Amino acid sequence: MTKKKIGILGASGYTGSDAVRLLARHPNAEITALTANTHAGKTMSEVFPHFFMLDLPRLVEWEKVDWTRLDAVFCGLPHGTTQEIIAAVLKANPGIKILDMSADFRLRDEDSYAQWYGHEHRAFELQGEAVYGLTELYREKITAARLVACPGCYPTAVLLALVPLAKAKLIDVDDIIIDAKSGVTGAGRGLKQNTLFSEAGEGLSPYSIGSHRHSAEIEQEIGVAAGSAVTVNFTPHLIPMARGEFCTSYVKLNGATPDDLRAELEKAYANEPFAHVTKKGVLPQTQNVRGSNYVQIGVVADRIKNRAIVLSTLDNLVKGSAGQAIQNMNLMFGLPETTGLEQIALFP
Numbered sequence: 001m002t003k004k005k006i007g008i009l010g011a012s013g014y015t016g017s018d019a020v021r022l023l024a025r026h027p028n029a030e031i032t033a034l035t036a037n038t039h040a041g042k043t044m045s046e047v048f049p050h051f052f053m054l055d056l057p058r059l060v061e062w063e064k065v066d067w068t069r070l071d072a073v074f075c076g077l078p079h080g081t082t083q084e085i086i087a088a089v090l091k092a093n094p095g096i097k098i099l100d101m102s103a104d105f106r107l108r109d110e111d112s113y114a115q116w117y118g119h120e121h122r123a124f125e126l127q128g129e130a131v132y133g134l135t136e137l138y139r140e141k142i143t144a145a146r147l148v149a150c151p152g153c154y155p156t157a158v159l160l161a162l163v164p165l166a167k168a169k170l171i172d173v174d175d176i177i178i179d180a181k182s183g184v185t186g187a188g189r190g191l192k193q194n195t196l197f198s199e200a201g202e203g204l205s206p207y208s209i210g211s212h213r214h215s216a217e218i219e220q221e222i223g224v225a226a227g228s229a230v231t232v233n234f235t236p237h238l239i240p241m242a243r244g245e246f247c248t249s250y251v252k253l254n255g256a257t258p259d260d261l262r263a264e265l266e267k268a269y270a271n272e273p274f275a276h277v278t279k280k281g282v283l284p285q286t287q288n289v290r291g292s293n294y295v296q297i298g299v300v301a302d303r304i305k306n307r308a309i310v311l312s313t314l315d316n317l318v319k320g321s322a323g324q325a326i327q328n329m330n331l332m333f334g335l336p337e338t339t340g341l342e343q344i345a346l347f348p
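Under the UniProt record's numbering, think of the first position of the sequence shown as 1, with each following residue one higher.
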């Protein structure tokens, strides 16, 4: 197969740079355009020195890219800045494939988007064709899509752990508590006081309590699985490590046992290349998936009667972002889903 010509919007961010890292060794991809308006004119290795060995195009403003020459574009821009740019890219090249790693097309309801993101959607005419890019749940739709809205990192970990259980009605979807922790790359590369080493290191801090925007994605997709509106209790934390994510979900059982939950998850992911359910007594750990596209899920009985604890972990920049986007790109181009993504976790 001729290599697909790939562009990356927002290549100077963490998700954009991890897309570069993975695509640089993808046998069917050729990176031909990289944008970063604030770093325009620089080489990628000036922004990320670990790319010193790669022959990559220089960073340019997005307006200067000839989109008609590209087969696919990955978007690593912040939410709110993506919608109009993607609309312009699709106008220039209606046949291009869009892998959006921002939040701009994840929510199907226009009012919900405005509520959670503080402004009206600026390209809602495209929302109807956007497919929510959680690969294990929407594989067939992704394969036929032009615009894929790749999920957030927290929703990916939580939904892979809970959607099969909600669909099978093994848990009470009105009683879900999610305690989530992410490495500081989840907060982006911009200068923020709370992510300075002296403030984030050697400590654990909650943020966006009761109001984190990923709650909307989690509720949307669990609601689809359950067939009813859902509200979850979701609290995220920043943990002092660069990458990685761990979600602990506390659930009430619907006449099931923790072993039933594990069996349902094993059935759901029996043929999945990247979703792994641990054996009874084996606990997921962030170091088991660091740098890889794998997600690890475990189930433990709570000592409180009729409750269980579902654990899930992934690398927030890979399966939680760029890796899952590439997994979806592979589907969209009819490639083996695992192409370019079979890296083993980096341990220790």
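Positions of the beta carbon are idealized from the N, C-alpha and C atoms, including for glycine.
Quick caveat, the model's predicted, so the values are computed rather than measured.
Could you tell me which residues DSSP puts in a beta bridge with residue i?
| i | result |
| --- | --- |
| Phe74 | Ile8 and Leu99 |
| Val277 | Ile297 |
| Thr313 | Phe246 and Gln296 |
| Ser112 | The partner list for Ser112 (beta bridge, DSSP) is empty, contrary to what the question assumes. |
| Arg307 | Lys252 |
| Leu147 | Ile98 |
| Ser208 | Paired residue(s): none; Ser208 is not in a bridge. |
Could you please give the first and the last residue of the uninterrupted alpha helix (DSSP H) stretch that includes residue i?
| i | result |
| --- | --- |
| residue 351 | Because the chain here runs from 1 to 348, residue 351 falls outside it and cannot be looked at. |
| Ala225 | His214 to Ala226 |
| Gly323 | Gly323 to Met332 |
| Leu165 | Cys153 to Lys167 |
| Glu199 | Phe197 to Ala200 |
| Thr15 | Tyr14 to Leu23 |
| Leu90 | Gln83 to Ala92 |
Hey, residue i and residue j are a contact pair by Cβ (cut 8 Å); roughly how many whole angstroms apart?
| i | j | result |
| --- | --- | --- |
| Ala123 | Ala87 | 4 Å |
| Gly323 | Leu341 | 6 Å |
| Pro151 | Glu217 | 6 Å |
| Gly203 | Pro240 | 6 Å |
| Gly183 | Gly244 | 5 Å |
| Ser249 | Ala161 | 6 Å |
Which residue from the options puts its Cα closest to that of residue i?
| i | options | result |
| --- | --- | --- |
| Val289 | Phe246, Lys267 and Ile326 | Phe246 |
| Leu70 | Ser12, Lys4 and Thr35 | Lys4 |
| Arg106 | Ser215, Ser45 and Asn330 | Ser215 |
| Lys167 | Pro206, Leu261 and Val131 | Leu261 |
| Ala200 | Lys169, Glu217, Arg213 and Leu238 | Leu238 |
| Phe197 | Asp100, Ser208 and Thr185 | Thr185 |
| Glu337 | Val318, Thr135 and Val158 | Thr135 |
| Thr143 | Leu346, Gly291, Gly334 and Ile344 | Gly334 |
| residue 354 | Glu219, Ala345 and Arg139 | The first residue shown for the chain is 1 and the last is 348, placing residue 354 beyond what the model contains. |
| Cys75 | Thr15, Leu283 and Ala268 | Thr15 |
| Met101 | Cys153, Lys141, Ser211 and Arg108 | Cys153 |
| Ala56 | Glu46, Trp62 and Leu162 | Residue 56 is actually Leu in this sequence, not Ala. Out of Glu46, Trp62 and Leu162, Glu46 has the C-alpha closest to the C-alpha of Leu56. |
| Ile326 | Ala263, Ser211 and Asn28 | Asn28 |
Which first and last residues belong to the beta strand (DSSP E) in which residue i is found?
| i | result |
| --- | --- |
| Gln296 | Val295 to Ala301 |
| Lys31 | Sequence check: residue 31 is Ile here, not Lys. Ala29 to Thr35 is the extent of the beta strand (DSSP E) around Ile31. |
| Asp259 | No beta strand (DSSP E) holds Asp259; the alpha helix (DSSP H) holding it covers Pro258 to Ala268. |
| Val251 | Glu245 to Leu253 |
| Phe234 | Asn233 to Ile239 |
| residue 363 | Only positions 1 to 348 of the chain appear in the structure, and residue 363 is not among them; the question remains open. |
| Gly183 | Ile171 to Gly183 |
| Ala187 | Where Ala187 is concerned, there is no enclosing beta strand (DSSP E), given that its DSSP letter is neither H nor E. |
Check whether the Cβ of residue i lies closer than 8 Å to any Cβ atom in chain B.
| i | result |
| --- | --- |
| Pro258 | The displayed structure is made up of one protein chain only, and chain B is not part of it. |
Segment contact flag, the segment 189-201 with the segment 301-308, C-beta cutoff 8 Å, min 3 pairs: By the C-beta criterion, the segment 189-201 is judged not to be in contact with the segment 301-308, since fewer than 3 inter-stretch pairs fall below 8 Å.
Segment contact, 8 Å Cβ cut-off, at least three pairs: the segment 161-180 with the segment 225-232: A contact between stretches requires three or more CB pairs, one per stretch, nearer than 8 Å, and the segment 161-180 meets this requirement with the segment 225-232.
Three-pair Cβ contact test at 8 Å for the segment 72-89 versus the segment 44-56: As far as the Cβ criterion goes, the segment 72-89 does not touch the segment 44-56, which means the pair count is below three.
The segment 2-17 / the segment 26-42 touching (three or more Cβ pairs under 8 Å): Yes, since at least three Cβ pairs between the segment 2-17 and the segment 26-42 fall closer than 8 Å, the two stretches touch.
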